[in-house]
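Everything on this sheet refers to the single structure shown next.
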Amino acid sequence: MVSEALREINRGCAEIIDIERIETLLKAYFDEGKTYTVKAGFDPTAPDLHLGHTVLLQKLATFQRYGGIVQFLIGDFTAQIGDPTGKSSTRKVLSKEDIQKNIKSYTTQAFKILDKDKTDIVYNNDWLEALGASGMLELSSTLTVARMLERDDFSKRFASQTPIAVSEFMYPLLQGYDSVHLKSDVEIGGTDQKFNLLMGRQLQKVYEVKKQQAVLMMPILEGLDGVQKMSKSLNNYIGVTDEPNDMFGKVLSISDDLMWRFYELLSSKSLDEIASIKKGVEDGSLHPKNVKEDLANEITTRFHSEAQAKSAKTEFDRIHSKNQIPTDIEEFSCDGEVWIAKALVDCNIEPSTSQARRDIKQGAVKINQEKVSDEQLQLSPGEYILQVGKRKFAKLKVS
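In UniProt numbering, the protein residues as written are 1 to 399.
See the structure below:
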């Protein structure tokens, strides 16, 4: 049982520090029924999660199956600083109202994956606020500036003379102190969090917690393009709150190679099940499209329902297999002639007129199911079905 659990915990991991400790914790669980704690921190800096964020949640759910009690840490205190990891400038400070709004959204979305009965939601404001000035000074004395500048993002900003707020230096220390207070056995995070995750191990030793947490790092999930990390700013993401039809369609749009990455990091299927599916694709007994549809169904069902996933598949088949348009399209209207690029932006199916022009040049824009090639086209009075790519539709009435 321990070896099976270790295999699933290792699944998709980029790096594990102190795997021996995890093995000891698992052995104690299977032999004595003794549980252990697994911490993951989430700063509520935005209201919605995307599938890239859920890679960590899937791993937390794996630990829950093997005796782990998840410490789902909401960084309501540290969110006021903002995690500087990977940032080239100081992050904007959020208001407490925004933080509270985002917290509610995060927890609702997280429990679509995590077991509530095996999850403790904790807020680091509860102990960091009480730390006070003397406690903060004591904490800051545990690390030198030279050590802090070993962080890649800090060193780059320092070398380029880009401002670094002193409060940003405190962020890794505060994250590490969370592990001191919670006495965490394991902490997980992305590969870009390595410095912060190791800080928890170091501070547990400094503060004589009598344990040092194991650290597990997950890779950053690629977005729909299969190249860059999944990100809202890059518009290559699948949002947890996406409508079922959009979610299903986006999953089906990924490449066959990226599909296996999604299976490994996001699917609840076991490694043996995935290996069997992959073998079926390789020997021709399973078609990649059907395998991808199963993945789309699993993910859409997780965040919506089985019925909605089934409906999304029906709608996808209707549109793409039969070259039809969706049954439910948002309608817009405008007065007088309108430039096609502006119309696409006004109908919320393009982010900017420059992107609209690029898509027209690439043949990705259709009007009434006919491709548009003239990027200067003016739409005269009438009704139009506007389309960008295979999934974005809008109905426009020009008066």
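Cβ coordinates follow ideal geometry from the N, Cα and C atoms, glycine included.
Contact under 8 Å by Cβ, residue i with residue j
i           : j      : result
Phe195      : Arg151 : yes
residue 403 : Ser333 : In the structure as shown, the chain starts at 1 and stops at 399, and residue 403 therefore has no counterpart that could be examined.
Gly239      : Asp48  : yes
Leu56       : Ala40  : yes
Asp185      : Leu25  : yes
Phe262      : Leu295 : yes
Thr108      : Ile121 : no
Asp18       : Ala214 : yes
Gln228      : Gly200 : no
Glu337      : Leu344 : no
Ile367      : Tyr384 : yes
Asp257      : Gly226 : yes
Ile164      : Val38  : no
Per-residue DSSP class, three states only, for residue i
i           : result
Ser311      : helix
Lys27       : helix
Val240      : coil
Tyr36       : strand
Glu330      : coil
His50       : strand
Asp120      : strand
Gly68       : strand
Leu114      : coil
Asn56       : It should be pointed out that residue 56 corresponds to Leu in this sequence rather than to Asn. Note: Leu56 maps to helix in three-state DSSP.
Ile325      : coil
Leu6        : helix
Lys87       : With a pLDDT of 47 at Lys87, under the threshold of 50, the modelled position of this residue cannot be trusted, and the question is left open.
Phe303      : helix
Phe248      : helix
residue 401 : Outside the modelled stretch of the chain, which goes from 1 to 399, sits residue 401, for which no answer is possible.
Ile254      : coil
Leu73       : strand
Nearest-angstrom Cα separation, counted from residue j out to residue i
i      : j      : result
Ala312 : Ala28  : 44 Å
Gly33  : Gly67  : 8 Å
Gly389 : Ala364 : 5 Å
Thr35  : Ala275 : 30 Å
Gly223 : Ser253 : 11 Å
Leu131 : Ile74  : 17 Å
Glu129 : Ile113 : 30 Å
Thr300 : Glu375 : 36 Å
Gln204 : His181 : 9 Å
Glu138 : Asn245 : 52 Å
Ser160 : Phe154 : 10 Å
Ala79  : Thr45  : 6 Å
Gly280 : Ala146 : 53 Å
Ser89  : Leu149 : With a pLDDT of only 46 at Ser89, under the threshold of 50, the placement of this residue in the model should not be trusted; the figure read from the coordinates follows. Taking the straight line joining both Cα atoms gives about 15 Å.
Glu264 : Met170 : 35 Å
Ile99  : His53  : 17 Å
Asn348 : Lys397 : 14 Å
Gly249 : Ser233 : 20 Å
Leu386 : Thr314 : 22 Å
Ser167 : Met230 : 28 Å
CB-CB length for residue i against residue j, believed under 8 Å
i      : j      : result
Ala394 : Ile329 : 6 Å
Ala14  : Pro219 : 5 Å
Leu271 : Ile277 : Not a contact, Cβ separation roughly 11 Å.
Asp76  : Asn125 : 5 Å
Lys292 : Met259 : 5 Å
Val2   : Glu20  : About 12 Å separates the two Cβ atoms, so there is no contact after all.
Leu216 : Ile69  : With a Cβ gap of about 15 Å, Leu216 and Ile69 do not count as contacting.
Lys118 : Gln64  : 4 Å
Ile9   : Thr62  : 6 Å
ask   = Residue ranges of each alpha helix (DSSP H) run of no fewer than 4 residues wholly in the region 124 to 176, ordered along the chain?
value = 125 to 140, 145 to 148, 152 to 159
key: Runs of alpha helix (DSSP H) lying entirely within the UniProt domain "RNA-binding S4" (338 to 397), each at least 4 residues, in chain order   = 340 to 346, 353 to 361
Ranges of the alpha helix (DSSP H) found wholly within the region 178 to 232, counting only runs of at least 4 = 194 to 206
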